[in-house]
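Peer 1:
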Amino acid sequence: MQFPHVINKDLKSVGPYADDSLLETDLEGNILFCNETFIKRYQLKGTKVKGLSIDSIFNNKEASIFKNALHKCAKQKQHTENLKFKIPGNNIENDFYECCMTGFQNNKGVVIGVFIKDQLKKQLTNHISTKETDFEKECFSELANHMPDLMWVTDKQHQLIYVNTAWLHFRGTSLEVEMGNGWLDHVHPEDKEQVVQERRQAFVVQQPYAITFRFKKHDGCYRWMNMKGNPIYSDTGNFKGYAGTALDITPVKEAQIQIRRQQELMESTKIEFGKFTKIAQKIGSIIIMCNSDNRITWVNDAFVKTTGYTLKEVCGKTPGSFLKGAETSKETLDRIRKVIELGKGIRTEILYYTKAGARIWLDLMIETLFDKEGIVTGYITIQKDITLKKISEKEVLEQMSHLKKISFITSHELRHEFSKILQLLQTAKFQDHNVATYSQIFSDIEHSANLMNDAIFKLNDQINFASSNSISLNKYLLNQAIEEICLVDDDHLVNKLNELIIRNVMPSMPVHTFDHVDNALEYVKENPNTKRKIFLDLNFSGRSGWDFLHEYEKLSQPWPVVILTSSIDHVDYERSKKFLNVTHFITKPLTIEQFERLSEMENVMVH
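Spelled out as structure tokens, the structure:
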């Protein structure tokens with residue numbers, strides 16, 4: 030067969046060879062012309078094809094076969110060579126296409142090039158007969174109809190031409206209703222524009238796509254679908270349309286939506302909890318947050334400062350498991366446990382222990398937290414340190430005991446001996462006035478006087494004890510962990526002696542001494558946040574301790590002042606009680622026993 034050098038372009042594109050790949054080369058194997066089918070098959074789109082050597086298209090083996098056939102056609106006019114080439118981009122073994130090569134001549138009858146076209150007969154694996162194609166379509170349809178997923182196929186215009194049985198069951202309609210763009214009418218109105226737009230964009234460039242949208246089911250409800258489509262081509266590389274699936278992903282989508290809502294709720298809760306913690310950290314009371322198992326999840330700074338435990342140390346533990354001690358009431362612990370089990374609240378007083386082993390009395394209130402359904406989600410515990418109040422109550426009882434002893438001494442020992450002396454003097458008036466009689470009377474009076482003197486010493490000891498232990502003076506200050514002690518006394522030697530006594534009891538406690546009131550006030554003003562206890566003398570040569578108390582009260586400092594003075598004047602004692610910061614009135618000298626007892630009663634915690 031002889032082809033002219035210039036083949037009609039219409040014949041090449043839409044003639045009997047429209048689905049065949051066509052190629053013209055010169056005798057050197059340089060391309061003179063190739064059609065779109067050939068370009069698609071070898072993916073040459075966008076490449077300047079004319080003049081391109083077949084060496085750059087075929088592999089070495091196929092290029093050698095091509096050139097051998099070309100030489101044969103050049104030597105023999107009207108010679109045809111049958112060739113077989115591997116389909117490019119296909120990894121299936123023995124998947125080839127067959128073609129024939131024929132030389133074409135110039136006006137003088139000289140062969141100047143070759144023309145190649147696909148053979149019309151069946152290729153080894155892909156070119157099947159119409160009958161076989163119909164059979165294949167039937168097999169595909171039967172297979173697709175047994176698939177649980179929705180399957181579909183479109184034509185070149187992206188119009189639906191096939192859906193499987195699963196699609197029709199999902200929709201509850203006939204094939205005719207779904208064909209073309211009919212199915213789009215049942216996409217959720219809010220998603221339809223997105224679906225049309227994304228399909229169009231993929232179709233223009235013939236790219237795969239995946240679209241998520243809501244599709245109406247036969248029962249009228251919308252289900253979330255994930256539609257995936259892939260372009261399909263003929264063996265010769267011609268675009269035939271799209272094929273794909275549509276999967277019902279409603280459970281996954283709803284789970285994603287729920288997770289997103291939960292994340293938004295968690296973020297909102299996190300913000301609100303952040304606000305709560307900022308407020309809670311500024312509150313002086315202890316705050317503990319627990320989960321539904323009454324295990325600690327959060328504590329505020331007041332808890333850490335009071336107990337000595339950090340959040341890291343107590344997280345995941347129940348409060349009572351590490352705060353209880355030898356003298357903690359088991360009955361109170363049982364009441365708290367039962368109340369928590371019932372999901373109720375409680376307010377009570379309980380003795381706990383710090384990390385350092387110090388005793389602390391707490392006014393404890395527990396409230397149960399519920400969700401909207403009434404299920405327990407956790408517990409919040411608010412505790413106030415009432416150790417000083419408890420100590421004050423103990424002091425009152427001790428003072429009552431001492432007053433009873435004072436009453437006994439005055440009413441029995443003193444009164445008895447005093448009455449005896451009066452009786453002796455009265456009797457002496459009626460006896461003989463001789464030396465022996467007076468000697469006996471004076472001896473009895475001396476004995477009674479000595480007994481009265483001993484009783485006076487006992488009475489003095491009881492009065493001093495009651496005075497030196499009248500610690501609280503009804504001032505209920507927060508039990509703070511002090512960080513230093515300040516001694517304010519104009520007697521430098523006394524300051525040094527008191528410092529030695531304090532260091533003997535508390536070796537690591539910082540002690541600052543001041544001989545002048547103004548120096549002490551200046552130091553306090555410069556260090557307003559340091560937790561301290563001040564021991565103050567009243568009588569100074571210059572500005573007195575009373576001046577210090579007046580100035581100190583103006584500073585609104587919460588830290589306590591202990592009056593340590595040589596004065597035993599009851600007026601000074603009563604006057605000192607008018608100052609809110611004064612918590613103790615002790616007469617000099619300060620002893621180790623006094624300071625130890627004072628520290629124990631106030632439950633001082635040393636850090």
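The opening position of the sequence shown corresponds to residue 30 in this note's numbering, with each subsequent residue numbered one higher.
All C-beta atoms, glycine included, are put in the ideal place defined by N, C-alpha and C.
Enumerate in chain order the residues of its own chain whose CB-to-CB distance from residue 86 is below 6 angstroms, with the five nearest sequence positions on each side excluded.
Peer 2: Result list for residue 86: 71, in chain order.
Peer 1: Taking 6 angstroms as the limit between beta carbons, can you name the residues of its chain near residue 340, skipping five residues before and five after?
Peer 2: The residues are 328.
Peer 1: Please state whether DSSP places residue 588 in a helix, a strand or coil.
Peer 2: DSSP places residue 588 in coil when its eight states are reduced to three.
Peer 1: Cα-Cα, which of 61, 581, 514 is closest to residue 537?
Peer 2: Looking at the Cα atoms, 514 is the closest of the given residues.
Peer 1: Determine the DSSP secondary structure at residue 139, reduced to helix, strand or coil.
Peer 2: Coil at residue 139, not helix or strand.
Peer 1: Please check the pair residue 345 and residue 324, which I expect to be a contact at CB under 8 angstroms, by giving their CB distance rounded to whole angstroms.
Peer 2: Yes, residue 345 and residue 324 are in contact; Cβ-Cβ is about 5 angstroms, under 8 angstroms.
Peer 1: Kindly indicate which three-state DSSP category residue 128 falls into: helix, strand or coil?
Peer 2: Here residue 128 sits in strand by DSSP.
Peer 1: Kindly identify the DSSP beta-bridge partner or partners of residue 110.
Peer 2: Residue 110 is bridged to 130.
Peer 1: By DSSP, does residue 73 sit in helix, in strand, or in coil?
Peer 2: It is coil, neither helix nor strand.
Peer 1: Taking only the alpha-carbon atoms, compute the straight-line gap between residue 212 and residue 230 and give it to the nearest angstrom.
Peer 2: Distance between the alpha carbons of residue 212 and residue 230 is about 19 angstroms.
Peer 1: Buried or exposed: residue 543, going by 16 or more other Cβ atoms within 10 Å of its Cβ?
Peer 2: Residue 543 should be labelled buried.
Peer 1: Are the CB atoms of residue 592 and residue 560 within a distance shorter than 8 angstroms?
Peer 2: No, these two residues do not count as a Cβ contact at 8 angstroms.
Peer 1: Considering only residues of the same chain and omitting the five flanking positions on each side of residue 531, which have a CB-CB separation below 7 angstroms?
Peer 2: The residues are 514, 538, 540, 624.
Peer 1: Does residue 243 pass the burial test, meaning 16 or more other C-beta atoms within 10 Å, or should it be called exposed?
Peer 2: Classification of residue 243: buried, given that the 10 Å Cβ count is 16 or more.
Peer 1: Based on Cα-Cα distance, which residue from 131, 548, 91 lies nearest to residue 101?
Peer 2: Nearest of 131, 548, 91 to residue 101, Cα basis: 131.
Peer 1: Please specify which runs of the beta strand (DSSP E), each continuous and at least 3 residues long, are wholly inside the stretch 376-406, giving them in chain order.
Peer 2: Those beta strand (DSSP E) runs which fall completely within the stretch 376-406 and span 3+ residues are 388-399.
Peer 1: Look at the Cβ atom of residue 546, then the Cβ atom of residue 576, and state whether they are nearer than 8 angstroms.
Peer 2: Yes, the Cβ-Cβ distance between residue 546 and residue 576 is below 8 angstroms.
Peer 1: Within 8 angstroms, do at least three Cβ pairs link the stretch 278-297 to the stretch 195-212?
Peer 2: Counting Cβ pairs under 8 angstroms, fewer than three are found: no touch.
Peer 1: Quick one: is residue 574 buried, meaning 16 or more other Cβ sit within 10 Å of its Cβ, or exposed?
Peer 2: Residue 574 should be labelled buried.
Peer 1: Quick one: using the 10 Å Cβ neighbour count with 16 as the cut-off for buried, is residue 415 buried or exposed?
Peer 2: The residue is buried, with at least 16 neighbouring Cβ atoms inside 10 Å.
Peer 1: Could you have a look at residue 236 and say whether DSSP puts it in helix, strand or coil?
Peer 2: Coil, per DSSP.
Peer 1: Keeping to the same chain, check which residues put their C-beta closer than 7 angstroms to that of residue 320; ignore five residues upstream and five downstream.
Peer 2: Excluding positions up to five away in sequence, the list reads 326, 407.
Peer 1: Please identify the residue among 138, 372, 387 whose C-alpha is closest to the C-alpha of residue 400.
Peer 2: The shortest C-alpha separation from residue 400 is found at 372.
Peer 1: In three-state terms, what does DSSP make of residue 347?
Peer 2: If DSSP states are grouped into helix, strand and coil, residue 347 belongs with coil.
Peer 1: Given a threshold of 16 other Cβ atoms within 10 Å of its Cβ, counted over all protein chains shown, does residue 193 qualify as buried or as exposed?
Peer 2: With 16 or more other Cβ atoms within 10 Å, it is buried.
Peer 1: Considering only residues of the same chain and omitting the five flanking positions on each side of residue 111, which have a CB-CB separation below 6 angstroms?
Peer 2: Result list for residue 111: 129, in chain order.
Peer 1: Could you check the C-alpha separation between residue 317 and residue 385 for me, to the nearest Å?
Peer 2: Rounded to whole angstroms, residue 317 to residue 385 spans 20 angstroms at the Cα level.
Peer 1: Thinking C-alpha only, which one of 523, 607, 602 is nearest residue 615?
Peer 2: Comparing Cα positions, the closest option is 602.
Peer 1: Could you give the residue range of the alpha helix (DSSP H) that holds residue 614?
Peer 2: Careful: residue 614 lies outside any alpha helix (DSSP H), inside the beta strand (DSSP E) at 611-616.
Peer 1: Considering only the alpha carbon of each residue, which of 411, 391, 388 lies closest to residue 397?
Peer 2: The residue with the shortest Cα to Cα distance from residue 397 is 411.
Peer 1: Where does residue 229 sit, in a helix, a strand or coil, going by DSSP?
Peer 2: Note: residue 229 maps to helix in three-state DSSP.
Peer 1: Buried or exposed: residue 250, going by 16 or more other Cβ atoms within 10 Å of its Cβ?
Peer 2: Answer is exposed; the Cβ neighbour count stays below 16.
Peer 1: For a test of the three-state rule: what should DSSP assign to residue 511, helix, strand or coil?
Peer 2: In the structure shown, residue 511 sits in coil (DSSP, three-state: anything other than H, G, I, E or B).
Peer 1: By Cβ distance below 6 angstroms, which residues in the same chain neighbour residue 69 in space, the five residues on each side in sequence not counted?
Peer 2: Once the five neighbours on either side are set aside, the close Cβ partners of residue 69 are 266.
Peer 1: Between 334, 562, 567, 620, which lies nearest to residue 529 when the distance is taken from Cα to Cα?
Peer 2: Of the candidates 334, 562, 567, 620, the one whose C-alpha sits nearest the C-alpha of residue 529 is 620.
Peer 1: What are the residues that DSSP puts in a beta bridge with residue 412?
Peer 2: Residue 412 pairs with 315, 393.
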